[in-house]
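In numbering that gives the first Met the number 0, the protein residues as written are 0 to 453. By construction, the Cβ of each residue, glycine as well, lies at the ideal position given by its N, Cα and C atoms. All values derive from a computational prediction rather than experimental measurement. Taking it in order: structure first as structure tokens, then the write-up.
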Amino acid sequence: MQEKSSKKIVTRFPPSPTGLLHLGNTRTALFNYLFAKRNGGDFIVRVEDTDKTRSKKEYEENMLESLEWLGIKRDGELWHQSERTEIYQKYLKKLIADGYAYVSQEAEGENKEVVRFKNPNSQITFNDLIRGDVTFDTSELKDFVIARNINKPLYHLAVVIDDHEIGVTHIIRGEDHVSNTPRQILIQDAIGAKRPIYAHLPLILAKDRSKLSKRKHGEAVSLRYYKEKGYLPEAVVNYLALLGWNPGTDQEIFSTDELIESFDLSKVQKSGAIFDEEKLKWVNKEHMKRLPEEVVLREIGAQIRASSRFKEKGWEIDESVLKRSYKSIFERITVWQDVAQMTENGDLDYLFEKPQYEATKLLWKNEKDLGTISRHIGEAISLFKEISDDNWNAEDIKNAIWDYAEKEGRGNVLWPVRYALSGKEKSPDPFTLSYILGREETILRLNEALKKLL
Ligand code: GLU
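Here it is as structure tokens:
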């Protein structure tokens, strides 16, 4: 839905820096960004830091870093409510002078003043792009407080003044703010602000349909958790975009530019959107598959190097081994951190050192005779020696040994070869392993096995 109005579209993301950026807020930022960019508009970021005790610089930094990581770029300056006290004061004074608000003395231990908005007790209907017409009777809100005192505006007042001064045309935010809208519209009318267009997004729910909350779901509600796990930012953006929105086609994998092209607020659903990490993993893997080979190689190398096992062992990465092995590693991961985990678990030890194991481990299932295994390994060595250097690849290695394995029993031949190369019950197949290790190292390891079998 390309907006037809000639006025430039301006959306905003106004988080309060009182905690790590939450997934729900991240999606709100994304929808505001996509909508603005779809329509050639501006996306503004405003830090709502008037609550001095709860606002922390580190959370603001986390929010900014997160947006940068995701590639959600703001337009213009970064706004801070804490720097705008005088502006709020000016509006507040005018509201009082014009009879829209009044100072009320309210005893609360010490003599306390608050500024209340004089409620006209009207009915307000606003059109929400997602929910249609929403009507409220404002009389239930009574004369609500808009400032603690002349220097301390509260959320509703500050947000309305800022949106007005910034020229925000569309307010796209979580459904939990629907009930704030009538108060904000009353204040808009009183300061003579134009009413923006509203779109309240469905909540993000956990699989059991409960609201995603830090208390219940822990760290997994913050974006940082996914960044640290090694999800790709473009995959997180793609997945979050699908939380409550759908393109109306079967397409599920989008680049951010493709999202900008297809994003349409009228296709946002009203009902809650379920967050499913398994689906996110799938989306992540799809994006990983689209990465250039050198990026995959670099990331896998970096994850291996970062693992404590790798450091403690003092291993080194042989780039040619990494180049030959990365595909088999890549097949088994959905996020980068899986590589570090595999290294930590010892699953990749065979890449860096000769395996250590007992000779009996080379026996396949019911086989009891070490001599038979010795014969199979000996045969594998001579078959491998015949393969030319140019043909040292998994397929030719497989072809070289396949007939013999078929004749002697696949498990009987292939199990000991694989175990001799990896020292693990779970590892890539023996042909891939041989290819990865290279002919020299393969034959060396098979000879080691023979020695053990003597
Ligand atoms: N600071 C508010 C929040 O983080 C902003 C809400 C709004 O979009 O108006 O919830």
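Contacting residues, own chain, Cβ-Cβ under 6 Å from residue i (five flanking each side not counted)
i	result
residue 314	351
residue 356	422
residue 181	123, 135 and 137
residue 26	239 and 242
residue 163	192
As assigned by DSSP and simplified to three states, the class of residue i
i	result
residue 116	strand
residue 131	strand
residue 145	strand
residue 204	strand
residue 136	strand
residue 157	helix
residue 103	strand
residue 422	coil
residue 225	helix
residue 95	helix
residue 172	strand
residue 124	strand
residue 83	coil
residue 429	helix
residue 334	coil
residue 356	coil
residue 78	strand
residue 246	coil
residue 215	helix
8 Å CB neighbourhood of residue i in its chain, flanking five on each side removed
i	result
residue 43	9, 10, 11, 12, 73, 74, 75, 78, 165 and 167
residue 113	102, 103, 105, 144, 146, 147 and 148
residue 385	399
residue 456	The question about residue 456 has no answer here: the residues shown for the chain are numbered 0 through 453.
Own chain residues within Cβ distance below 7 Å of residue i, not counting five before or after
i	result
residue 34	10, 169, 171, 262 and 264
residue 2	The predicted model places residue 2 with a pLDDT of 47, which falls under 50 and marks its position as unreliable; any figure quoted below should be read in that light. Only 8 and 38 meet the Cβ criterion.
residue 407	375
residue 449	373, 376 and 377
residue 40	7, 8, 9 and 10
Environment of residue i [buried if 16+ CB atoms lie within 10 Å]
i	result
residue 0	Its pLDDT being 47, under 50, residue 0 is placed unreliably in this model, and the value from its coordinates should be taken loosely. Per the 10 Å Cβ criterion, exposed.
residue 57	exposed
residue 294	exposed
residue 469	With the chain covering 0 to 453 only, the question about residue 469 has no answer from this structure.
residue 443	exposed
residue 291	exposed
residue 426	buried
residue 324	buried
residue 14	buried
residue 302	buried
residue 402	exposed
residue 453	exposed
N-terminal and C-terminal residue of the beta strand (DSSP E) that residue i is part of
i	result
residue 41	41-46
residue 9	9-12
Delimiting residues of the alpha helix (DSSP H) encompassing residue i
i	result
residue 30	22-37
residue 186	180-190
residue 255	255-261
residue 265	First-last for residue 265: undefined, no H or E at that position.
residue 65	56-69
residue 325	318-329
Under 8 Å, with one C-beta from each stretch per pair, do the segment 215-227 and the segment 146-163 reach the 3-pair mark? Touching, no.
Are the segment 434-441 and the segment 389-403 in contact at 8 Å, needing three or more beta carbon pairs? Yes: the two stretches touch, three or more of their Cβ pairs being nearer than 8 Å.
Cβ pair count under 8 Å reaching 3, the segment 269-284 against the segment 197-210: Under the Cβ criterion (8 Å, minimum of three pairs), the segment 269-284 counts as touching the segment 197-210.
Given 8 Å as the limit, is there contact between the segment 328-335 and the segment 223-232, that is, 3 or more CB pairs closer than that? Three or more beta-carbon pairs separated by less than 8 Å link the segment 328-335 to the segment 223-232, which places the two stretches in contact.
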